[in-house]
Structures are given as C-alpha cells and as structure tokens.
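Protein chains in written order, with my numbering: chain E, 1 to 403; chain L, 1001 to 1324. Ideal Cβ positions, reconstructed from N, Cα and C, are used throughout, including at glycine.
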C-alpha cells in the first residue's frame, strides 16, 4: 500500500498504487433537482454501447430512485455495511480549501476496511448475483415517509424520494483498478478515463466485486467484464460534428431535462466544472467515504432529509443546498451553461447585463441580472453564448394557432 | 573531500532513503505490495519423480477419457499436495487438498492425467456469480535444472524465468458439446433480452434478435481467446513470468478431455512432445523437466489467485522410446 491524498476525504489514505493524476480529469455535474427519471440518458447509452447479446442486463448509465431503488439491487446499502465500523464520522471544524474542503473523514474507506479485516485483497466488496442486475431501477418511485400523516413542506419533505443518475465515476483511485490482479484495467493519463482492456481481462470479476459503485459488469457471452467507456471516441473529438473538439458523452448530450454538464477537472478557476466543484462547492461527490475519489458530482436535492443526503454526499450538503436555493450572480450564470452545447466547455466568461428584478427567497435577498455567459472550447474558440433570461418570442396575433 | 560533501548533499537523502527502503523491504520479505516472497523450501523441487511412461498407442478416434484412460494403467502416478494460495492478492483456495498426476507419452505426444475430488461440477461461467472448475499444469520454459540456488519460483515463475502453462477449463469443455460453439447466453437465460424469464423451457425466444449482431462484443473484437466461440479446444496455452503476467499464447497447441464421475474430476491434457512455438515447453524422451500445478474449485468461487496450489516444482522424467 502507498499513501495517496484524497481531497474528498481531506486526508491521505492507503491505495495499492502511487498518486498519479491525469492532465485533466473527465468529470460531470448532475443536478438531481431537475431530473424526472425519463431514462433518455439510459437509452442513449444503451443504444450506443450495450445493445448486443450478453449485454441485456447492462446499464452503464442508469437512473435510480432513492432511497429504495438501486441497480444492482441495494448496491449502496450493501457496500456501506461493508465499511461500517460504527465510527464513520467526519471532522468538520477545520477545513483547507485545497486539501480538505469538506473536512476530514474519520471512518474507513473500502481499501482500509479490507486491510483492517485482513481479507487479503485490496478492497472490500461483493458480487451482486444475476437477479440483482435484472432491472435498471428496482424500487422505482417508492417514496419514503417519515411522518405519514402530515403534508410535506419545503425545505425538507417528510414524504420523499429523488432520482440519482449514475454512470461510471472514472474515479481517481478506482476500486476496480486496484482489484484487478492482472492490471487489465487502466486509467488514461490524458483524461482520466478508466477502461478494461478486453484482451487482458480474464473474467475473474474482481472488479465487479471491488468497485463500490458496481459499474463494471460481467458479460457471460464473452466471459469477460465490461464497463462504461466514457464514450471516449467522442471525448477524443473523433465525431465530425464537433470538428475535432472534445464532445460530451451520449448520456450527457441526450439529457432532455438539462441536468448535466460535462467537462474536465483542471486547475483553471474559470472552467465551469472546476468552478462549480472546487470553488463554489455546489456539486458534491457520491459516497466520498468509499475512498475512490469519484468524478461525477451531484447538486443534492433540496427536499430530501439532510441526514440521508449527508451520508450520500458527505458533509458539504447543507452548504450546497443553501447555495442552490439562493444562487449567486456567478453561480446562476455558470449553471446556465448546462446542456447549451455538446462541445465540451473548457472556460467561461461572463459579460454583465442589466438588473432585471430583485426579490426575497427563503429570507434572503436575491437579485437577477441578465448576464451573458460565453463558453469556450479546448482551442479557446467561442462555442456557446447564452443569457440568463431566455429570449421570449411573441407570436404575431395573426398566427396564434398556426404551426 | 569537498566533492564528497557536495555529492552527499546532493544525493545523500536519496541514497539514505534507498538504503532504508531496501532494508525495510528485505525485512518485510515483500517483493511488491500485496505479494509475499517465496520461501527457500519452495525453491527446492519435490523428491518424488513422476515417470512419464512410454506407451505404444494407436491414437484413438475419440480423444476422450474413456478411450485414453486405459493407456495409463501401468503408469505410476504422484500425489501432489495442494494448499491455499497465500502469497499474492487476492488470496484464496485450499478446498482441494491433493491431486494425482500420471503421465505417458508415445514418442509423439505427451499425456497428463490429473484426478482430484470435487463435490460439485461447475462447468459454466455465464452468470456473474458462476465460476468454473479448472486445473493447470505449469512447466519452466527452456532447459532448466531447478535447484535451490536457481531460485526459480514455483509460483508462476519470475522475471527472466518464464513458464508455460496449460489451463484446462470445465466450461470450455461444456462449450465443445454445443456443436463446437460457445455454450450460449440463451442456455442460461432464454429470454434475458426482454423479460429476464428464468424459465429454461420458455415458450419462445427471439433467436433472430439475439444471434443477428456480432459487433460490439469487446472481447471478441480484441481476439480474447476466452470470448471466441470457435476456439475448438478445452485447454488454454499460456505463458507467465510472475504474478499477474499470465498471457494467452498466439499459437494454441494443447488440448484435453475430461470426465466428472462420483465427485471426481479426471482430466487428460495432451500435446505433441515438440512444437514449433518458441514459447512452448519441449519434451525430450529420456530427459527430465519439472511441473507444478493448481486446481480451481468453481463451487468455492475459485478463480485467478484464489486456487489450491502446489508450492513446489515436481520433477518429471520421460521414459526413453523403446525402438524396435
């Protein structure tokens, strides 16, 4: 084991390989508040990569209902139990903007739990049986009722559920990569995408077992495992549509609810993804306590009980929800870039516009400015331009009912 | 003196930490994270020698256990004790305590017969929780004499000390019975594509739909032998030089057959004595080589390093051919 820094946990942790971060890391932000579980992303992925024989049970992208839903069934509850040592708490009194923005996790990661339990493998895990993979959303739309006799009111509903959108997290410290005894799994230096070498894989299912998010999947037909490939041909700009520029994945580009923004985590504070994750801390990692430093980030749902959300997204939840409910001028501008283009945005610029109105939200003053947000591609060229207020087109009275 | 001081100032920390690191590593007897070193006893081959008996044989029409078994009746076997694999992560296995190995050759081909007891027959690896029964024989590559001084690891070989492995798989054998193709998904899940009907006697299934598209099978496109439907054999020919280096050979030369009866696997693995492949072990009548072995019990989720292994090389001497 070597010691590596995991900024989600705010501390160093044990991992079988040295810390080796890519030049820029494949990442995305999913706004849970906007998702209606239409599964368009799921089908976009399915129809691109897993429509073939032996892949019937595979949903590299899936949308599941929380708290009861899950694909494979109860994957998160089962993994959380494996790392539970009764003291999985966070120390949040001191934070460091760069090294420990959420505080310090004091419990065990999947790697540390394995070392403690002395089970002679790299991480704790389990193999979900075939029956647990049958549907992309077991427990669909089953609500949790905390107080069944009362009506719900914001900010937290007493009767609630929400949808969580899941793809491979292309983790910085992947459990699957650590688990593979023959190094058939690799993380690309250029973009941090995690892939299974289909020639080297021998179907041992160690990755299926030790990925806490259960995203590598075994294919009985070819007797080897497969996983989300982050649509790497599109990321490499090989689709002619974006003229050689990196293009968003199928699941991102297909999102009709405009909940997704894809990009690369890097050091540029004006990169919309980096800004929302590292600077604004609006978007949070899923189950950071697993210790793999996942790279899909979520804007947590404002109506779900906070204790549940804190377990799922770590201690940054309260701050993120507060920020989401009353967005700042810059935040509103950056969030306007969600789903404006399928060419990946590397930098944004805001041109200030006039004040439109002001009001009070949850007791806080809110001012709306009609700023213009410009997104720039990898080559620095402008690729998208939008305003906070959507343009309104009023139809000529003569054609009210015409199409 | 000044030069020495400058050198020490520049590289001293690095040198000291190197020295410290190697001392620590030596003390911990670790060669890599998760891998424990091999002990001295393991470098010493077993005393008992397997005599690979020369047998005059007319090659039977059916290369199955029933036809081949008779040729082994005068061959003296060795019993190889097996144990849990506890050196490289993931550790595991140990459910099979021993296996009997017999060998014969007819001047053209060599046949090894391995028998071991296993209460369950696991000849499928289609569902995610299914693992196959398997057995592997390993030989040092090239003409080597294994002595304690040689330090030729009996566990998958080592760097610059490559091995040739023959890996028999129960599911590959089951595949062959299905018209020389793969035992397919629809054997396990007749209607998986639409309703996950677990009834194997389902009223219909869309053969056309599930057999029409051959593209997008990663393993097949990458020419992974495990994924190929027409591999036509039950033993995989591989090389390894240490943990995690197992690699399928481009040229496959080994085959075999098996029988499962009364809780016992009988597996016969055969190959011609000499091949043209430089990555293959070569057998010379009258000569001595070494073998080692491992058994996987699919019912115990054995695969990869989770296996029952022998921790010593075993000498095997081929009888001279009796020329008329």
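N-terminal and C-terminal residue of the beta strand (DSSP E) that residue 401 of chain E is part of: Within the first chain, numbered from 1, the residue matching residue 401 of chain E stands at position 401. It is not in any beta strand (DSSP E) - residue 401 of chain E carries neither H nor E in the DSSP assignment.
Take residue 1098 of chain L and list the residues in its own chain whose beta-carbon comes closer than 8 Å to its own, dropping the five residues that flank it on each side. Here residue 1098 of chain L refers to the residue found at position 98 of the second chain. Hits under 8 Å: 1079, 1080, 1081, 1082 and 1116.
Using the three-state DSSP reduction, which class does residue 1260 of chain L fall into: helix, strand or coil? Here residue 1260 of chain L corresponds to residue number 260 of the second chain, with the count starting at 1. Strand, per DSSP.
If you compare alpha carbons, which of L:1134, L:1047, L:1085 and L:1318 is closest to residue 1260 of chain L? As a first step, residue 1260 of chain L must be located in the second chain, where it is residue number 260. The candidate whose alpha carbon is nearest that of residue 1260 of chain L is L:1134.
Counting pairs of beta carbons, one from the stretch 1265-1272 of chain L and one from the stretch 1153-1172 of chain L, are three or more of them closer than 8 Å? yes
Going by beta-carbon coordinates alone, are residue 196 of chain E and residue 174 of chain E separated by less than 8 Å? For the purposes of this step, residue 196 of chain E is taken as residue 196 along the first chain, with counting starting at 1. For the purposes of this step, residue 174 of chain E is taken as residue 174 along the first chain, with counting starting at 1. No.
Among L:1072, L:1262 and L:1318, which has the Cα closest to the Cα of residue 1113 of chain L? Within the second chain, the letter at position 113 stands for residue 1113 of chain L. Among L:1072, L:1262 and L:1318, the Cα nearest to that of residue 1113 of chain L belongs to L:1072.
Would you give the residue range spanned by the alpha helix (DSSP H) that residue 321 of chain E belongs to? Start at 1 with the first residue of the first chain, and residue 321 of chain E comes out as number 321. Element bounds for residue 321 of chain E: 317-325.
Just to confirm the assignment, what range does the beta strand (DSSP E) spanning residue 1138 of chain L have? In the second chain, counting from the first residue as 1, residue 1138 of chain L sits at position 138. Its beta strand (DSSP E) spans residues 1134-1140.
I think residue 72 of chain E touches residue 133 of chain E, with their Cβ atoms under 8 Å apart; what is that distance to the nearest whole Å? Mapped onto the first chain, residue 72 of chain E falls at position 72. Mapped onto the first chain, residue 133 of chain E falls at position 133. Between residue 133 of chain E and residue 72 of chain E the Cβ distance is about 5 Å, and since that is below 8 Å, they are a contact.
On the premise that residue 286 of chain E lies in contact with residue 296 of chain E, defined as a C-beta separation below 8 Å, what is that separation, rounded to the nearest angstrom? Along the first chain, read from residue 1 onward, the residue named residue 296 of chain E stands at position 296. Along the first chain, read from residue 1 onward, the residue named residue 286 of chain E stands at position 286. Contact holds; Cβ gap of about 6 Å.
In the structure shown, what three-state DSSP assignment does residue 340 of chain E receive? Here residue 340 of chain E refers to the residue found at position 340 when the first chain is read from its first residue. Reduced to three states, the DSSP call for residue 340 of chain E is coil.
Residues of the stretch 163-189 of chain E whose Cβ lies closer than 7 Å to any Cβ of chain L, in chain order: 181, 182 and 183
Could you give the C-beta distance for residue 1224 of chain L and residue 224 of chain E, rounded to a whole number, given that I count them as a contact under 8 Å? Locating residue 1224 of chain L in the second chain gives position 224, where the first residue counts as 1. Locating residue 224 of chain E in the first chain gives position 224, where the first residue counts as 1. The Cβ separation is near 6 Å, so the contact holds.
If you measure from the beta carbon of residue 194 of chain E to each beta carbon in chain L, is any gap under 8 Å? Counted from its first residue, the first chain places residue 194 of chain E at position 194. So, not an interface residue.
Given a cut-off of 8 Å, decide if residue 375 of chain E and residue 337 of chain E are closer than it, judged by their beta-carbon atoms. Taking the first chain and counting its residues from 1, the one referred to as residue 337 of chain E is at position 337. Taking the first chain and counting its residues from 1, the one referred to as residue 375 of chain E is at position 375. A contact, by the Cβ cut-off of 8 Å.
Residues near residue 167 of chain E by beta carbon distance below 7 Å, same chain, minus five either side: Along the first chain, one-based indexing puts residue 167 of chain E at 167. Cβ within range, chain order: 60, 61, 228, 251 and 296.
At the level of alpha carbons, what is the spacing between residue 69 of chain E and residue 80 of chain E? Locating residue 69 of chain E in the first chain gives position 69, counting from the first residue. Locating residue 80 of chain E in the first chain gives position 80, counting from the first residue. Near 15 Å, if we compare the C-alpha coordinates of residue 80 of chain E and residue 69 of chain E.
So residue 127 of chain E contacts chain L; which residues on that side make the cut at Cβ distance below 7 Å? The sequence position of residue 127 of chain E within the first chain is 127, counting from 1. Near residue 127 of chain E (Cβ distances below 7 Å), the residues of chain L are 1128 and 1129.
Do you know whose CA, among E:263, E:94, E:259 and E:156, lies nearest residue 246 of chain E's CA? Within the first chain, the letter at position 246 stands for residue 246 of chain E. Closest by alpha carbon: E:263.
Beta-carbon within less than 7 Å of residue 1222 of chain L's beta-carbon, same chain only, minus the 5 sequence neighbours each way: which residues are those? The sequence position of residue 1222 of chain L within the second chain is 222, counting from 1. Cβ neighbours of residue 1222 of chain L beyond the five flanking positions: none.
By a C-beta neighbour count over all protein chains shown, 10 Å radius and 16 as the cutoff for buried, is residue 1061 of chain L buried or exposed? Position 61 of the second chain, counting from 1, holds the residue named residue 1061 of chain L. Residue 1061 of chain L is exposed by the Cβ-count criterion.
Who are the Cβ neighbours of residue 964 of chain L in its own chain at under 6 Å, not counting the five residues just before and after it? Missing from the structure shown is residue 964 of chain L; chain L here goes from 1001 to 1324 and no further.
With DSSP run on the structure shown, which of helix, strand or coil describes residue 232 of chain E? Numbered from 1 along the first chain, position 232 holds the residue referred to as residue 232 of chain E. Note: residue 232 of chain E maps to helix in three-state DSSP.
Can you look up residue 111 of chain E in the DSSP assignment and give me helix, strand or coil? In the first chain, counting from the first residue as 1, residue 111 of chain E sits at position 111. If DSSP states are grouped into helix, strand and coil, residue 111 of chain E belongs with the helices.
What does the alpha-carbon distance come out to for the pair residue 53 of chain E and residue 141 of chain E? Residue 53 of chain E sits at position 53 when you count from the first residue of the first chain. Residue 141 of chain E sits at position 141 when you count from the first residue of the first chain. Straight-line measurement puts the Cα of residue 141 of chain E at about 29 Å from the Cα of residue 53 of chain E.
For a test of the three-state rule: what should DSSP assign to residue 1025 of chain L, helix, strand or coil? In the second chain, residue 1025 of chain L corresponds to position 25, counting from 1. Note that residue 1025 of chain L scores 42 on pLDDT, short of 50, meaning its location in the model is unreliable; the coordinates nonetheless yield the value given after this. Under the three-state reduction of DSSP output, residue 1025 of chain L falls in the helix class.
Among E:146, E:16, E:256 and E:163, nearest to residue 156 of chain E - alpha-carbon criterion: Position 156 of the first chain, counted from the first residue, corresponds to residue 156 of chain E. When each option's Cα is compared against that of residue 156 of chain E, the closest is E:146.
Cβ-Cβ distance between residue 37 of chain E and residue 213 of chain E below 8 Å: The residue you call residue 37 of chain E lines up with position 37 of the first chain. The residue you call residue 213 of chain E lines up with position 213 of the first chain. No, the pair does not count as a contact, with Cβ atoms beyond the cut-off.
With a threshold of 8 Å between beta carbons, is residue 19 of chain E in contact with chain L? On the first chain, position 19 is the one that residue 19 of chain E refers to. Judged by the 8 Å Cβ criterion, residue 19 of chain E is not in contact with chain L.
Using the Cβ count rule (16 or more neighbours within 10 Å means buried), how would you classify residue 24 of chain E? Taking the first chain and counting its residues from 1, one reaches residue 24 of chain E at position 24. Buried: at least 16 other Cβ atoms inside 10 Å.
Whether residue 1237 of chain L touches residue 1262 of chain L by CB criterion (8 Å): What you label residue 1237 of chain L is simply residue 237 of the second chain in a count that begins at 1. What you label residue 1262 of chain L is simply residue 262 of the second chain in a count that begins at 1. It is not a contact, given that the beta carbons lie outside the stated cut-off.
Throw me the rounded Cβ distance for the residue 77 of chain E and residue 165 of chain E pair, which I believe falls under 8 Å. Here residue 77 of chain E corresponds to residue number 77 of the first chain, with the count starting at 1. Here residue 165 of chain E corresponds to residue number 165 of the first chain, with the count starting at 1. At roughly 19 Å, the Cβ-Cβ gap does not stay under 8 Å, so residue 77 of chain E and residue 165 of chain E are not in contact.
Helix, strand or coil for residue 1042 of chain L? Go by DSSP, reduced to three states. Position 42 of the second chain, counted from the first residue, corresponds to residue 1042 of chain L. Here residue 1042 of chain L sits in helix by DSSP.
To which residues of the same chain is residue 19 of chain E closer than 7 Å at the C-beta, ignoring the five residues directly before and after it? Position 19 of the first chain, counted from the start, is the residue given in the question as residue 19 of chain E. Cβ neighbours of residue 19 of chain E beyond the five flanking positions: 4 and 5.
Quick one: complete beta strand (DSSP E) runs, 3+ long, within the stretch 345-381 of chain E? 347-351, 355-361, 364-369 and 372-376
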